[in-house]
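Numbering (UniProt numbering), first residue to last: 24 to 473. Heads up, the beta-carbon is just placed ideally off N, CA and C, and yes, glycines get one too.
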Ligand code: ATP
Ligand code: MG
Ligand code: MG
Ligand code: MG
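Encoded structure:
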């Protein structure tokens, strides 16, 4: 019956056979004890938080130096998925992806005075000729100079929505909380160029709406708060914040209208909502995104211009829009996980399914082959799960132990071949993360579920 269901597979060279992903070969320094985790991060005053501990314990990241982490396979998979969702949302509003150098010449930063203003946050270096650079903490200067280098831009070509997903470097005074505050981290940064302030404001709300859609798709509850423009500058700004205790920002929220703001924007100790006068409540948040309407602050410095409808040169109206890519991963784990178990936004789970075959030498051991067939059957029936199914082949361990590990890593589905796998037809125990419960399903039942 099984061979009938796999009609075009040769026993010896079946595609997919050699490609089954097995846990035993995964590079994943795992199951560190709590004291080992703390030892890895032992620095005076270094606090840890839930996502940092879970990611270290699960073998998802390893510290390299203060604020710098090796991103290990599970994390890279989750990040690639996140970048895919970000690409979809940015490209749906006309975003074009570019990639600018991290090595950023000092003269760009001197032109805006940020070589001085950003002070110790800039990581500076010199090349062999003594020329000064910094490692890009953000790219307003670089992208504006890029646009300014194009001399014949017409208003008909605008708006440009240029974005990239790259590493950013900031010499944070207190790097901590794992990926939440690194000195080297991934950011998605978009820069927009419009032909008028009105058009730029429209673009601003277009990007904000895309951010809202993104966080909704990830299933993350967020607050869009009025924010300070800080060293980036401009005249209008919002932060996208995930409300959670470990967050380093303080927000005020009005429960009766939609007003919310970063507390640092209110200059007086305001207890009532500036919009509806109702009482404000306070919450802590993790800043996962930040949008700025910049006007001509940067385009005027670099002469980023275009030819307008009257044939005259006019300065581009700019906006810039950041998303903390690695920070979103850790923040999502922070808000969704329990103390001991990672929970991912469904779209970002590194693997969708974990298969657990029976223990070697156990009564159910004969069902091992069924699990391999189930794997191939799922891949054939649900092609989008290709590469998403992990086989926990550590069959020297009991099912219970492996189930515990699977629960810690947060696969949306865990499928176990236990006693009932020997029934005819075989029944598998299927753990669904959404419900937190197990159901017994036949192979066909599993196919329906997936
Ligand atoms: P924070 O207030 O947390 O220091 P920021 O306001 O300095 O952040 P922005 O310049 O607005 O950061 O950068 C855009 C986004 O990049 C932030 O909203 C955040 O999600 C992310 N980000 C900033 N700094 C870090 C960091 N040190 N580690 C990880 N992500 C960061
Ligand atoms: Mg900062
Ligand atoms: Mg901030
Ligand atoms: Mg910010």
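Just to check my reading of the structure: residue 144 and residue 193 have Cβ atoms closer than 8 Å, yes? What is that Cβ distance to the nearest angstrom?
Here residue 144 refers to the residue found at position 121 when the chain shown is read from its first residue. Here residue 193 refers to the residue found at position 170 when the chain shown is read from its first residue. The pair is a contact, with the Cβ atoms about 5 Å apart (cut-off 8 Å).
Can you say whether residue 350 is buried or exposed, counting buried as having 16 or more other CB atoms within 10 angstroms of its CB?
As a first step, residue 350 is located in the chain shown; it is residue number 327 there, counting from the start. Around the Cβ of residue 350, a 10 Å sphere holds 16 or more other Cβ atoms; the residue is buried.
Which residues in the same chain have their Cβ closer than 8 Å to the Cβ of residue 362, if we skip the five residues on either side of it in sequence?
Mapped onto the chain shown, residue 362 falls at position 339. 73.
Can the beta-carbon of residue 102 be found closer than 8 Å to that of residue 166?
Numbered from 1 along the chain shown, position 79 holds the residue referred to as residue 102. Numbered from 1 along the chain shown, position 143 holds the residue referred to as residue 166. No, Cβ-Cβ distance for residue 102 and residue 166 is not below 8 Å.
Look at residue 371 and residue 354 and say whether their C-beta atoms are less than 8 Å apart.
Numbered from its first residue, the chain shown carries residue 371 at position 348. Numbered from its first residue, the chain shown carries residue 354 at position 331. Taking 8 Å as the Cβ cut-off, residue 371 and residue 354 do not qualify as a contacting pair.
Tell me whether residue 153 counts as near ligand 4, meaning its Cβ is closer than 7 Å to at least one heavy atom of that ligand.
The residue you call residue 153 lines up with position 130 of the chain shown. Incorrect: residue 153 has no Cβ contact closer than 7 Å to ligand 4.
If you draw a straight line from the C-alpha of residue 238 to the C-alpha of residue 384, how long is it?
Numbered from its first residue, the chain shown carries residue 238 at position 215. Numbered from its first residue, the chain shown carries residue 384 at position 361. Cα to Cα, residue 238 sits roughly 47 Å from residue 384.
Tell me whether the segment 102–120 and the segment 400–409 touch, counting them as touching only if at least three CB pairs, one residue from each stretch, are closer than 8 Å.
no
Taking contact to mean at least 3 C-beta pairs separated by less than 8 Å, is the segment 176–190 in contact with the segment 328–345?
With the cut-off at 8 Å, the segment 176–190 and the segment 328–345 touch.
Using a Cβ-based criterion (distance less than 7 Å to any ligand heavy atom), does residue 346 qualify as near ligand 1?
Along the chain shown, one-based indexing puts residue 346 at 323. Because some heavy atom of ligand 1 lies under 7 Å away, the Cβ of residue 346 counts as near it: yes.
Would you say the beta carbon of residue 262 is closer than 7 Å to some non-hydrogen atom of ligand 4?
The residue labelled residue 262 in the question sits at position 239 within the chain shown. Checking every heavy atom of ligand 4 against the Cβ of residue 262, one is found closer than 7 Å.
Measure the C-alpha to C-alpha separation of residue 136 and residue 142 and round it to an integer number of angstroms.
Here the question's residue 136 lines up with position 113 in the chain shown. Here the question's residue 142 lines up with position 119 in the chain shown. Taking the straight line joining both Cα atoms gives about 10 Å.
Taking 7 Å as the line, does the beta carbon of residue 350 fall inside it for any heavy atom of ligand 1?
Stepping through the chain shown from its first residue, residue 350 is reached at position 327. Under cutoff, so the answer is yes.
Measuring CB atoms only, is the segment 273–280 touching the segment 295–307, in the sense that at least three cross pairs come out at less than 8 Å?
Of all C-beta pairs linking the segment 273–280 to the segment 295–307, three or more are shorter than 8 Å, placing the two stretches in contact.
Please classify residue 50 as buried or exposed, where buried requires at least 16 neighbouring CB atoms within 10 angstroms.
Against the chain shown, residue 50 aligns to sequence position 27. That one is exposed.
So the candidates are 469, 342 and 169; which of them puts its Cα closest to the Cα of residue 219?
Residue numbering aside, residue 219 sits at position 196 when the chain shown is read from its first letter. Closest by alpha carbon: 342.
Taking the alpha carbon of residue 434 as the reference point, which residue from 468, 422, 454 and 418 has its own alpha carbon closest?
Reading the chain shown from its first residue, position 411 is the one you call residue 434. Of the listed residues, the one whose Cα sits closest to residue 434 is 454.
Kindly list the residues whose CB is nearer than 6 Å to the CB of residue 75, restricted to its own chain and excluding five residues on each side of it in sequence; keep chain order.
In the chain shown, the residue the question calls residue 75 occupies position 52. Correct list, in chain order: 200 and 201.
Look up residue 288 in the DSSP assignment and say whether it is helix, strand or coil.
Counting from 1 along the chain shown, the entry for residue 288 is found at position 265. Residue state, collapsed to three classes: helix.
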